[in-house]
Each structure stands twice: as structure tokens, then as C-alpha cells.
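Here is the structure we will look at, set down as C-alpha cells.
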Amino acid sequence: MTATTKLDEPIGPSDGLSKSQMRWLMGGLLMGLFLSSTEQSVVSTALPTIAGDFGAANRIAWVVSVYLLTSTVATPLYGKMSDLFGRRIVYQTSISLFLVGSIFCALSQSMNQLVAARAFQGLGGGGLMSLAFVIVGDVVSPRQRGRYIGLFTAVFTVSAITGPLWGGLLVDGPGWRWVFWSVVPLSALTLVVIHRGLRLPFATRERHIDWVGMALLVVGATALILVPIWGGDTYAWGSWQIATAGAIAIAATAVFITQENRAAEPIIPMRLFLDRTGAAVYAMGFLLMGSLIAVLTFLPLFLQIATGASATRSGLMLIPESVGISLVATGSGWLVSRTGRYKWAMLLGPLMATVALLWLTTIGPDTGALSLAPVLFLLGAGLGLIFPNLTLSVQNAAAFADLGIATSTSNFFRSMGGAFGAAVGGAILAGRLDTELADRLGAERLDEVGGAEGLIRSPAVVKDLDEALRQPIVEAVSESVVAIIWWAAPVMALVGVLALLVREVALRTSSAIGGTDDTT
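Under the working numbering, think of the first position of the sequence shown as 778, with each following residue one higher.
What follows is the structure, given as C-alpha cells:
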């Protein structure tokens, strides 16, 4: 079978991009990345208020998990589709789906509607981040890619800095629905810039879409995430529903592996797991995001209920983590490009993040912004060393022909870990809250006031309770969030252990479309 080279749109020489083309391209990718990461951080700050409006505090994890679930399942599909149909049309499709999903979220009238809208939004969000890193891999050599990935990580964290503050201002001002309305014009502008800037050559070939593998991936991933979401909350851990979901996840995964080994165009080629570096990075990404999302999803709940901070103030209190990521990711990216060495960052980063999480277990109702800032900065610094180099190492190890699918597979496992982490964190929180409140109020009194869901409908409701009820709630929320952090710390430590398996090989000095370092 022969392959022919086509262009998303004519761009001139095929041996690299001009400076003008690179500016348009990077501008569009950075806007898409900012769009995706901003929405996630904004929503996190708004969740307690949203749950209070809809009277569904026990389903906060669903709003996060369902977005991560659909974006996770879509991630490898975007990588494969962009290999087959070109980066431009696939990236534009992801932005359009994200835009429509954001509108649906803003119009939601119940928690069920919001969860469904977030699922749709996630279908678009899955392409915004993963394809940005795929496209950078197309046009920038691994030796110089550290600088660009560091820049991407910095933009990601700038959005994380502004996101919680922006979300807090919107929640305290016009209302939480503007958390979603606010990204609509930015989505439209990103579409315009991408239409102008994303014009890359791509090789066409006979298109065999692995629909069976796609269906098995959706079924297996969904069943796996439902286990921690349902377990201990909707259904007992030993119930037939949980057992059935687990069995479906295992069976679908086994059949998926068989299918991928025989498919002409597998969604996730099994050969990727034969490389030790790739397999280690996939596992590291899963555990890293599982640990991180479990903590960051519920830290605003702690800040707003246990410490009494407003939504805006809780967003400000999280800024040091984002500053740490931004500064260290940018600096380490420059250093990696100069030295060509990156494994040191993959070892040091998890160690710093683990120490920060252990330090974070000391938080309590009297924790203030000044005492929290150095902990979060250390956490961010550790993450700033890990994130860019996970992508860099897996792209450098992959063959050019596998660049798109290797990158999207890495993002798939990171997203899967995030979805699983949010669900596990929600399960820990729900179970621990019931236990802590029952110990402090007594089971009979807890039933009288409507249980944990009745008491913790929103930060505003808790603040208006009398002292006899408010203080036990503050203590229970604090202990419950700390329990999540204790679970996350050893998981983060394991990320560092897996980093020992990563082979540090010389960074390539050419890109997938033929450009060299001189063109960047």
C-alpha cells in the first residue's frame, strides 16, 4: 500500500515551517490548551456552589469524573483520526464539540443535565490538549521540544492560576453559569486562529477504522470508572452491580487487547507497550494524575467549608501551586533543551510532590493562606519537573510513524488516571464524611438533619448553621479531605519508582515533517 503526501492547506516548503507559520500555529495551540485547562480549573472552584444549587453535594465527583471519562476515551481516537484525516479538521472538530458542550453546561437545570452536558463537553476537551502535544511533536525536534513543552506547561498553569480566581469571581458575582458561558467566545476565537494557523502536511493511506476496538475501549473504560464512582455510595462494594461493572471492565479489556493485535489500524497498538520507556511513562501518567486530581478536586471544598474561605479567596489560595508549576516547567524545559538530559527531572519531581503531599496532610480548619502557600508551591514545583518530561520522553522514544498515537496513548492513560482519581477521591470523601459526622453528631441526629448531603449542600448553607452543627461539619470535612491526601501520597511516590525504568536516550534533532533545529 502506498502513501501520498497531502496538505491540510498549502503551506510552502515541506522541510519545515517559516517563523510566521510557527507563530500562527503556536498561537492557536496555546489558545486551545488555555481553553481546556482554564475550564477544568474554573469548574473545580465552582463545584461546591453548583452542588448546593442542585442539592447534590454527594455527586460532585460525577461532574469531574464524567468529563474526564469522555475526554479520556476520546483521546486515542483523536490521535488515530488525526493520523488518518489530518490534524486540522480533527482539531477543529474537538474545539466545536467543546464549544457546544459548554453551552449545554450553562443551560443545565439539574445535576443530571449538567453531568450529561459535561460528558459532551469532554468529547471535545479530549482533543484540545492531546492534539496540541501531537502537533508540537510534528514540527519541533525532541532536542528543542523541551522549550516548547515547557511553554505549553507554563500556559497550562497560567490558566490554572487565573482559573480558580476567575471561577471564584464569577461564582461570587454573576453566578456559576458564567463559568461555562465565559469560554464560548474564546472557543470561537480559537477556531478562527486554528483555521489560519494549522496547515501541516500529512501522509494519506487506506483508512481502516477499528470500530470494534473503539466500542470495546468505550465499554471497558466506562465500566472501570463506574466501580469507584458507584462503590460505597450508590451501591455497596460487595453488590452485584459493582461486581458486574468490574467483570465487564476486565472482559472488555481482554477482548480489546485481542482485537488490537489483529486490527489493521488499531486504536492503541500493543507494540507501544513493548518499549520499556513507553510502558513506564503510561503507568506514571496514570498514577500521577490519579493522585493529583483526587486532591485538587476536593481541596476547594476543604478551603470553602473547613476554613470558611469564599470561592474567590479559595481560588487565590491555590495560586502558589500554579506558580510553582509555571516557573519550574519553563526553567526545566530550557535546561533540558540545553543539556539533552531529562531523567533527573522525572526522578526529582515525584519526590518533591510526595513530600508536599505529606506536608499537606497537616492542614486543618485553622490553616491560612500563608501556611498553605509553601506547601502548594513545592507541589507545583515537583509537577513542573514531571509533566513536560513525560511527554518529551515518550515522543523521543517513539518512531515518527507512531508519534501521534504514542502521544495520544500517553494522554489517554493520564486522563484515565485523572478520572479514576476523581472517582476514588469522591468515594473516600463520601464514606469518610458519613463516618466522621456520625461519630460527632450520632447516627440518630445525623439522620434527623438529612445526613451528609442534607448538611453540606453548599458553603453558604454550612456558614449559616448554628455552632453546634457547623463545628462538627468543619472537622468532618477537614478529616475527610486529609484522608484523600493520605491515599494520594504513596501513589505519587510510586510515580518516582517507575521513573527508574525510563531509558534516557539522546534527544533527536529533527522533527516528523522534516524540520531541523534551525527551523525552530
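Just so it is clear, CB atoms sit at the ideal spot from N, CA and C, and this is done for glycine as well.
Below 9 Å between beta carbons: does that hold for residue i and residue j?
| i | j | result |
| --- | --- | --- |
| L905 | L812 | yes |
| L1069 | M1269 | yes |
| A1133 | V1152 | yes |
| T815 | G903 | no |
| I1019 | V1004 | yes |
| V843 | V960 | no |
| P1097 | L1149 | yes |
| I1045 | T1186 | yes |
| A1213 | A1253 | In the sequence as displayed, the identity of residue 1213 is Glu instead of Ala. Against a cut-off of 9 Å, the Cβ pair of A1253 and E1213 comes out as a contact. |
| G1126 | L1160 | yes |
| L1064 | Y1119 | no |
| L1078 | L824 | yes |
| A1174 | V1282 | yes |
| R1090 | A1146 | yes |
| V1171 | G1055 | yes |
| G1202 | I1140 | no |
| A1266 | T1131 | yes |
Report yes if the C-beta of residue i is less than 8 Å from at least one heavy atom of the ligand MG; otherwise report no.
| i | result |
| --- | --- |
| P962 | The ligand MG is not part of the structure shown, which contains no ligands of any sort. |
Run the CB neighbour count on residue i, radius 10 Å, all protein chains shown included, and call it buried at 16 or more, exposed below.
| i | result |
| --- | --- |
| S797 | exposed |
| R973 | exposed |
| M1066 | buried |
| P1165 | buried |
| G945 | buried |
| A1041 | exposed |
| R1191 | buried |
| G789 | Residue placement at G789 cannot be trusted, given a pLDDT of 36 that sits under 50; the coordinates are not used to answer. |
| D915 | buried |
| E1037 | buried |
| W988 | exposed |
| A1013 | exposed |
| W1263 | exposed |
| A1024 | exposed |
Once the 5 residues before and after residue i are set aside, which same chain residues still bring their CB inside 6 Å of it?
| i | result |
| --- | --- |
| D1295 | Only weak support exists for where D1295 lies, its pLDDT of 41 falling under 50; the coordinates are left without a value. |
| I827 | W953 |
| T852 | G903, S907, S1185, N1188, F1189 and S1192 |
Quick check on residue i: does DSSP put it in helix, strand or coil?
| i | result |
| --- | --- |
| G1145 | coil |
| G952 | coil |
| G944 | helix |
| G1159 | helix |
| G1008 | strand |
| R1280 | coil |
| L963 | helix |
| S797 | helix |
| W1264 | helix |
| L1242 | coil |
| G1203 | helix |
| L807 | helix |
| L884 | coil |
| H972 | helix |
| A894 | helix |
| W958 | helix |
| W1014 | coil |
| L830 | The question names Leu, yet the displayed sequence has Asp at residue 830. D830 falls in the helix class under three-state DSSP. |
| G878 | helix |
| G1219 | coil |
| A1000 | helix |
| D1295 | Confidence at D1295 is low in this model, with a pLDDT of 41, below 50, so its placement is unreliable and the value that follows should be read with caution. Here D1295 sits in helix by DSSP. |
| A1253 | helix |
| D987 | coil |
| S791 | For S791, the pLDDT reaches just 37, beneath the cut-off of 50, and the residue's location in the model is therefore unreliable, although a value from the coordinates is still provided. It is coil, neither helix nor strand. |
| D1052 | coil |
| A1150 | helix |
| A1175 | coil |
Could you pull out every residue in the same chain whose Cβ sits closer than 7 Å to the Cβ of residue i, ignoring the five residues on either side in sequence?
| i | result |
| --- | --- |
| L1278 | R1053 and A1057 |
| M1061 | L1167, V1272, L1275 and A1276 |
| T1030 | G997 |
| G805 | T967, V970, I971, G974 and L975 |
| R1217 | P1249, E1252 and A1253 |
Could you pull out every residue in the same chain whose Cβ sits closer than 8 Å to the Cβ of residue i, ignoring the five residues on either side in sequence?
| i | result |
| --- | --- |
| V1032 | L993 |
| S879 | E816, Q898, F957, W958, V960, V961 and S964 |
| F929 | L806, L807, L810, A909, F910, V913 and P1165 |
Within the stretch 1063-1139, note down every full alpha helix (DSSP H) run reaching 4 residues or more, in order along the chain.
-> 1088-1094, 1096-1116 and 1120-1137
Could you give the uninterrupted runs of the alpha helix (DSSP H) lying entirely in the stretch 834-876, keeping only those of 4 residues or more?
-> 837-862
Can you give, in chain order, each stretch of the beta strand (DSSP E) that sits fully within the stretch 1017-1046 and has at least 3 residues?
-> none
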